[in-house]
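Trainee: This structure is in structure tokens; I'll ask about it shortly.
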Amino acid sequence: MHHGGGGTTGAALAAGRPQVVCPFVADQPFWAGRMHAAGVAPTPQPQRRLTPEGLAAAIKVAVTDRALAERAEVLRHRIRAEDGATAAVKILETLT
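Following my numbering, the numbering of the sequence shown begins with 905 at its first residue and continues without gaps.
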């Protein structure tokens, strides 16, 4: 469970676990929607509409929905297979 910031979302994806996203501001609603659309998170739980019942239901889905877990694991493998640092260095080297 997290707020949906870009860094936290990336870390959660790299961990390969389903997410419960409770966005507050800025880019957080965007990332919450993307995680839901990617099938690794139940419906986002925006802070302004957050209820104990809604949060409990989202957590239950995240820990029991096997499809969410499977998609999260697939994305984890895809992310781990990338060599982002090396790719970034190669691009930066072309700028000099």
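Heads up, the beta-carbon is just placed ideally off N, CA and C, and yes, glycines get one too. These numbers were taken from a predicted model, which means no experiment stands behind them.
1) Around the C-beta of glycine 908, are 16 or more other C-beta atoms found within 10 angstroms, so that it is buried, or is it exposed?
2) Can you tell me where the alpha helix (DSSP H) holding histidine 1009 begins and where it ends?
3) Closest by CA to alanine 966, which one among Pro956, Gly943 and Asp931?
4) Taking alanine 941 as the reference, which of Gln951, Arg953 and Arg975 has the closest Cα?
5) For the 8 Å Cβ check, are there 3 or more pairs between the stretch 925-932 and the stretch 950-957?
6) Can you name, in chain order, every residue of its own chain whose Cβ lies under 6 Å from the Cβ of glycine 958, other than the five neighbours on each side?
7) Nearest by alpha-carbon distance to glycine 937: which of His981, Thr913, Pro956 and Thr955 is it?
Mentor: So, from the data block:
1) buried
2) Since the first residue shown for the chain is 905 and the last is 1000, residue 1009 is missing from the structure and cannot be characterised.
3) Gly943
4) Arg975
5) yes
6) Gln949
7) Thr913
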